[in-house]
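Colleague: Residues in the sequence shown are numbered consecutively from 92, following our numbering. Just so you know, even glycine gets a beta-carbon here, dropped at the ideal spot from N, CA and C. Below you will find the structure I want to go over with you.
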Amino acid sequence: MRKVILLSSIAALSFAAACQKAVPPETELLPQTESVSATAEGGDYSIIYTLSNPSGDAEVKALSEEEWINGFDCSTGGTVKFHVDPNSSTDAREGSVRVEYGDLNFSVPVKQAGLEAPEYDMDTPCSVFLSTYFGDAYETYTHFLMMADSELGTAGTYNPEGTYYIIYLTRYIDEQTATAAFSSGTYTVDPESSYEDWTISAKDSYVVSKNTKYTISSGTLAVSGEGIDNSTFELTLTLDDGSVHHAVYEGPQYGEDYSIDWITDDVDMTATYATATYIDGEGDTDYGNTNLNITLYSSIGEGGWVEVPGYSLILVGNVDFDGTGHIVPGTYPISSDAMIEDAFASGYCASFMNSPFPSGTNIRYFYVDNTQQMVGLVTEGEVTISEDGGDYIVECNFVTREGVNIHAYYKGALDVIGAPGTNPFTPYYLTEDYSCEFPLETATMVNVNGMSSSWDYDDAVTWTFNFYQYDENYSYHGDQLSLKIVCPLEYTDEPKEGTYTVATSETKGQAGTVEPGTFEPPVKDNYNNPSYWPTMFRHEEHGEVTCGAAAAGGTMTLTKNDDGTWNVSFDFTDQQQEPRHFRFDWSGAIEIF
């Protein structure tokens with residue numbers, strides 16, 4: 092019996108062993124590359140790994156949290172290939188590549204060297220910092236930055252001994268962080284000025300050092316720190332003369348938010364008032380061939396401006412005029428062409444005094460006062476202009492850049508100031524040559540001042556001189572003069588002595604010239620918007636303009652006496668087809684700002 096039991100046990104064990112399945116070998120994913128060292132120039136690199144006993148349908152994948160590590164290729168077994176972008180900074184940087192196979196993974200560190208720091212031709216510690224945020228007002232850059240070792244003059248002029256770094260860069264950020272601080276990171280000079288994110292526009296940026304202007308060929312701006320109150324801005328730039336500049340600013344960020352609030356709701360506007368002005372821009376690329384500006388107002392309040400809350404719609408275009416200076420009726424589309432014809436120009440923002448200014452066809456909503464506004468830049472639609480008896484009808488159907496629909500309707504008078512065949516300013520023009528007097532014996536107060544500006548031209552400084560005289564009620568009384576000359580860039584403290592000639596279209600902006608003027612006194616529809624731009628004079632009787640002229644030709648001589656007074660004399664011709672002369676010969680003190 093015992094033998095039978097033993098045989099039964101052996102049989103049972105044999106049966107159990109025969110039924111047990113074989114255990115598969117374990118899958119393993121192991122790195123053979125411990126780390127990757129990349130040069131500052133970047134390039135293609137690889138990671139070697141072993142994958143033992145693969146199973147299922149899993150595939151090897153690779154990824155990195157760093158944007159500068161990219162271009163992964165896992166198609167070759169045992170190898171992960173990837174690309175490292177060039178490092179434009181002198182600082183080294185670190186990242187990693189994560190390799191995955193199903194639930195298995197490992198990471199390999201990637202270290203990239205920084206560029207070798209160049210030898211600097213100029214190393215500038217900066218104590219001055221100014222910045223402006225433009226938001227999406229432009230189709231180009233978003234920020235302005237100035238770093239310098241010297242303050243600007245009171246009129247925005249450069250110190251002749253100073254160095255100023257003028258930077259326009261692009262960094263797309265949301266509204267919540269728009270004015271918090273410049274984003275920390277590295278901005279790279281883009282020679283093509285394509286306005287990509289994290290780039291500096293070479294076309295717009297420049298350096299002024301010791302009164303000499305340089306363009307920028309290449310370089311970087313590295314921003315770091317702990318927010319707006321404690322930041323480090325480090326510029327490393329190669330200029331067009333081959334010199335290398337290094338500049339560092341450490342401290343708080345000072346800046347302005349000039350971004351624009353856009354209209355977001357559809358607008359249906361019935362205008363109760365309109366003005367129209369002729370633009371002498373036909374054939375002129377600076378004006379885009381425009382010849383007309385129409386402004387429609389929802390209503391006019393006290394002071395002759397739009398009643399708040401309310402709208403003003405500005406239409407800038409090119410239309411046909413009949414022989415009497417009236418607009419030829421028709422339907423005119425919105426056009427973005429550089430030189431429009433029989434169309435109205437699409438809206439955009441131009442830079443005025445380094446801030447965005449809505450231009451072209453645009454609508455503005457004033458909701459608090461005459462300065463608080465929202466804007467819409469018109470990019471699509473059409474304007475229909477028709478006549479009804481003695482009235483004009485202007486109807487607009489537009490779409491703004493932000494996708495907002497604009498409908499506007501106006502019926503009423505629409506006389507175009509200055510249109511071909513008309514000139515409302517003729518009664519104020521000179522009928523004979525004129526000698527300006529300053530001061531008049533009846534003047535109870537006079538003021539003569541001069542001010543320089545470096546904003547008008549990149550390579551020159553302008554000086555504006557104003558001669559004012561008043562009656563006992565402080566109203567303008569007598570001849571009022573406004574003269575503007577162009578001096579070499581270094582003349583920021585006082586103007587250069589010499590003889591200046593009224594500029595032509597070819598010489599405008601050149602040192603040694605007088606800026607041509609504008610004389611458009613308050614008449615009819617522009618009663619609240621007279622336009623006086625130097626160089627010009629106007630004669631007023633107790634605040635009322637009686638005559639005047641704008642300089643269109645002639646010369647001006649400026650000299651300084653030993654006692655610090657100045658001599659000013661000119662002989663200008665005015666803007667008329669048969670020009671008249673207006674002259675001036677004066678000596679005295681000029682208050683320089």
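If you run the structure through DSSP and keep just helix, strand and coil, what is D359?
Modeller: strand
Colleague: Classify N250: buried if its beta carbon has 16 or more other beta carbons within 10 angstroms, exposed otherwise.
Modeller: buried
Colleague: So what's R674 in DSSP terms, helix, strand or just coil?
Modeller: strand
Colleague: Considering just the uninterrupted stretch of the beta strand (DSSP E) at T254, what are its terminal residues?
Modeller: Its beta strand (DSSP E) spans residues 254–261.
Colleague: Within its chain, find whatever has a CB closer than 6 Å to the CB of P310; leave out the 5 residues flanking it on each side and keep chain order.
Modeller: At residue 310 the sequence reads Gly, which differs from the Pro that was named. The answer, listed in chain order, is V280, T327, L328, T329.
Colleague: Just curious, the beta strand (DSSP E) that R492 is in, first and last residue?
Modeller: First-last for R492: undefined, no H or E at that position.
Colleague: Can you check DSSP and say which residues form a bridge with Y623?
Modeller: F610
Colleague: So, L142 versus L120, is the Cβ gap smaller than 9 Å?
Modeller: yes
Colleague: Using CA atoms only, rank isn't needed, just tell me which of A594, T533, E611, D194 is closest to S566.
Modeller: T533
Colleague: T376 by DSSP, collapsed to three states: which one?
Modeller: helix
Colleague: Taking the runs of the beta strand (DSSP E) that are 3 residues or longer, which of them lie wholly in the segment 172–209?
Modeller: 184–192, 195–203
Colleague: In chain order, what residues of the same chain have a beta carbon less than 6 Å from the beta carbon of S300, not counting five sequence neighbours either side?
Modeller: T254
Colleague: Can you tell me whether DSSP reads Y519 as helix, strand or coil?
Modeller: helix
Colleague: Leaving out five residues before and five after R492 in sequence, what residues of the same chain have Cβ atoms less than 6 Å from its Cβ?
Modeller: L468, T470
Colleague: By Cβ distance below 8 Å, which residues in the same chain neighbour T245 in space, the five residues on each side in sequence not counted?
Modeller: Within its own chain, the residues whose Cβ lies closer than 8 Å to the Cβ of T245, once the five positions on either side in sequence are excluded, are F684, listed in chain order.
Colleague: Kindly indicate which three-state DSSP category F448 falls into: helix, strand or coil?
Modeller: strand
Colleague: With a CB to CB cut of under 7 Å and the five nearest residues on each side skipped, what residues in its chain are close to G689?
Modeller: Any property of residue 689 remains undetermined from this structure, which presents the chain solely from 92 to 684.
Colleague: Among T363, D428, T361, N321, which one has its Cα closest to the Cα of S274?
Modeller: N321
Colleague: One question on the structure: do G608 and A643 come within less than 9 Å of each other, judged by their Cβ atoms?
Modeller: yes
Colleague: Can you tell me where the beta strand (DSSP E) with W353 in it begins and where it stops?
Modeller: Per DSSP, W353 belongs to no beta strand (DSSP E) and is neither H nor E.
Colleague: Between M237, E347, G333, V314, which lies nearest to S308 when the distance is taken from Cα to Cα?
Modeller: G333
Colleague: Using the C-alpha atoms, what's the distance from S543 back to T583?
Modeller: 6 Å
Colleague: For the putative contact between Y591 and V605, defined by C-beta atoms under 8 Å, what is the C-beta separation to the nearest angstrom?
Modeller: 5 Å
Colleague: Could you have a look at K502 and say whether DSSP puts it in helix, strand or coil?
Modeller: strand
Colleague: Between T290 and the rest of its own chain, which residues show a CB-CB distance below 7 Å, the 5 nearest in sequence each way excluded?
Modeller: Correct list, in chain order: L260, T261, Y278, T279, D281.
Colleague: With 16 as the cutoff for other CB atoms within 10 Å, does M647 come out buried or exposed?
Modeller: buried
Colleague: Which of the three DSSP states, helix, strand or coil, is assigned to A40?
Modeller: Residue numbering for the chain in the displayed model covers 92 to 684; residue 40 lies beyond these limits and cannot be assessed.
Colleague: Thinking C-alpha only, which one of E156, V151, D214, E157 is nearest G164?
Modeller: A small fix is needed here, since residue 164 is Asp in this sequence, not Gly. Nearest option by C-alpha distance: V151.
Colleague: Nearest to G205 by alpha carbon, out of S179, V199, L387?
Modeller: S179
Colleague: For M444, count neighbouring C-beta atoms within 10 Å of its own C-beta (all shown protein chains included) and say buried if the count is 16 or more, exposed if not.
Modeller: exposed
Colleague: With a threshold of 7 Å on Cβ separation, who are the neighbours of D550 within its own chain once the five nearest residues in sequence on each side are excluded?
Modeller: K304, L580
Colleague: Check P424 in the structure and name its three-state DSSP category.
Modeller: strand
Colleague: Per DSSP, what kind of secondary structure is Y559 in: helix, strand or coil?
Modeller: Looking at Y559 - three-state DSSP - the assignment turns out to be strand.
Colleague: Three-state secondary structure (DSSP) at I391?
Modeller: strand
Colleague: Let's see if you can read the secondary structure: which residues bound the beta strand (DSSP E) around S596?
Modeller: S596 -> no beta strand (DSSP E), and no H or E assigned at all.
Colleague: Measure the alpha-carbon distance for G168 versus E230 and round it to whole angstroms.
Modeller: 47 Å
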